[in-house]
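Protein chains in written order, with my numbering: chain A, 5 to 180; chain B, 4 to 227.
C-beta atoms are modelled at their ideal positions from N, C-alpha and C, and glycine is treated no differently.
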């Protein structure tokens with residue numbers, strides 16, 4: 005028993021106490037600052053704001069067409085209009101597909117039949133990245149993943165597009 | 004583990020003597036509140052420095068959100084204050100800390116004055132201390148404008164007109180501070196921001212270093 009007592013001397017005990025108290029005070033000071041700094045990481049992303057892109061469902065053909073529209077973006081204290089675009093068409097199963105034009109290689113913008121050597125494909129001019137019509141990347145070209153898809157819904161015969169999702173997390177179309 | 008890292012570094016660059024010079028020194032009996040409770044007055048200087056550290060840290064974090072631009076300054080402060088988690092606390096620390104620093108500084112100055120601790124050979128350190136006091140007031144003045152609200156704007160207007168009263172160079176001094184002869188605006192805000200976060204802190208660090216080195220060199224003044 006007396007040997008165990010020796011292990012923590014009065015001085016060691018006071019050192020521990022002082023370190024603990026100092027650490028507690030430092031934490032009280034630093035925690036609010038760190039919490040504030042990491043706030044953007046902890047913000048829940050507001051999902052599913054759909055925008056009318058100005059394209060009637062009847063006008064969607066099997067040929068991909070580019071649609072451009074604007075959304076109101078709130079960036080902290082700054083609000084602005086941001087341009088968005090998509091490649092929209094009906095696939096073999098007569099489903100509407102809206103691809104994001106952002107190349108999965110390094111983020112350039114792809115075009116449908118953007119190169120006459122590669123008909124029936126999406127083409128990225130930056131590094132000759134290619135995608136088949138269903139969005140999957142052509143093997144042995146730079147992109148490593150299929151094109152992203154927009155969430156979509158149809159209201160009053162018009163196409164509404166929402167958030168961009170990767171192929172894996174893309175969810176079935178919402179009918180409204 | 005920590006001990007091993009310390010030993011590894013110490014083995015190579017011999018930091019123990021440096022550490023000893025900085026932290027390991029006798030506290031004379033007359034400044035130790037454990038012996039004489041009234042010796043707590045010797046803590047004012049250290050407490051001032053402690054609050055300065057809080058100001059530096061909270062200020063660094065505030066610049067993650069703040070924009071020194073007349074269109075966005077107020078909006079970014081409002082956003083930080085209302086939307087960012089704990090933003091209100093961190094800005095509160097900086098806001099109230101600014102006043103606490105001046106109070107602590109004054110208490111420290113009064114202790115040194117009434118104890119006559121500024122007398123030979125410590126006159127130089129007194130002068131450095133007075134410079135630190137001016138730098139602190141400058142930090143308070145320039146920081147006051149940054150939220151770009153009405154109070155900030157008109158306080159700065161008044162401050163600039165005070166600067167204008169300086170004989171001979173007043174008008175130029177005001178223009179130099181405000182960035183424009185007539186307008187308190189865009190250029191004033193960026194200038195005050197630059198002075199607040201770069202120029203004055205740099206001056207403050209230099210002066211604090213001299214202040215502390217002199218204390219260590221000359222020791223604390225003897226008992227009354």
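- For the stretch 118-148 of chain B, the continuous alpha helix (DSSP H) assignments of 4+ residues that do not extend past its boundaries occur at 126-148, in sequence order.
- In this structure, 220/B is the residue among 220/B, 225/B, 226/B and 227/B with its C-alpha nearest to the C-alpha of residue 24/B.
- Taking a C-beta cut-off of 8 angstroms against chain B, the contacting residues of the stretch 72-87 of chain A are 80, 81 and 82, listed in chain order.
- Here the stretch 100-116 of chain A makes contact with the stretch 76-92 of chain A; the two share three or more CB pairs at distances below 8 angstroms.
- The C-alpha of residue 182/B is placed about 52 angstroms away from the C-alpha of residue 127/A.
- Residue pairing for residue 15/A: DSSP places it in no beta bridge.
- Taking the Cβ atoms as the reference, residue 93/B lies roughly 5 angstroms from residue 40/A, within the contact range of under 8 angstroms.
- Under the 8 angstroms Cβ criterion, the stretch 204-216 of chain B does not count as touching the stretch 84-91 of chain B, having fewer than three qualifying pairs.
- Neighbours of residue 30/A in chain B, taken as residues at a C-beta separation under 9 angstroms, are lacking, since the least C-beta distance is about 10 angstroms.
- Within chain A, the residues 81 and 82 have their CB atoms less than 8 angstroms from the CB of residue 75/B, given in chain order.
- For residue 163/A and residue 68/A, the gap between their C-alpha atoms comes out near 14 angstroms.
- Annotation for residue 173/B: the continuous alpha helix (DSSP H) segment containing it runs 173-181.
- Using a CB distance cut-off of 8 angstroms, residue 57/B counts as an interface residue toward chain A.
- For residue 63/B, the enclosing alpha helix (DSSP H) covers residues 46-65.
- Along the stretch 12-45 of chain A, going in chain order, the ones with a CB nearer than 7 angstroms to a CB of chain B are 33, 36, 37, 39, 40, 41 and 43.
- What residue 60/B touches in chain A, judged by beta-carbon distance under 9 angstroms, is 33, 34 and 37, going in chain order.
- Positions of the beta strand (DSSP E) runs, each at least 3 residues long and wholly inside the stretch 67-92 of chain A, are given as 69-79 in order along the chain.
- Here the alpha carbons of residue 187/B and residue 174/B stand approximately 14 angstroms from one another.
- Between residue 82/B and chain A, the shortest Cβ-Cβ separation is below 8 angstroms.
- For residue 164/B, the uninterrupted alpha helix (DSSP H) run begins and ends at 153-167, by DSSP.
- When C-beta distances to chain A are compared with 7 angstroms, every residue of the stretch 174-207 of chain B stays at or above that value.
- Per DSSP, the unbroken beta strand (DSSP E) holding residue 154/A starts and ends at 153-159.
- By the Cβ rule, the stretch 106-122 of chain A does not count as touching the stretch 117-134 of chain B, because fewer than three pairs are nearer than 8 angstroms.
- Between the beta-carbon of residue 151/A and that of residue 57/A there is about 17 angstroms, and that puts the pair past the 8 angstroms contact cut.
- Scanning chain A for C-beta atoms nearer than 8 angstroms to the C-beta of residue 90/B yields 40 and 43, reported in chain order.
- DSSP lists no beta-bridge partner residue for residue 223/B.
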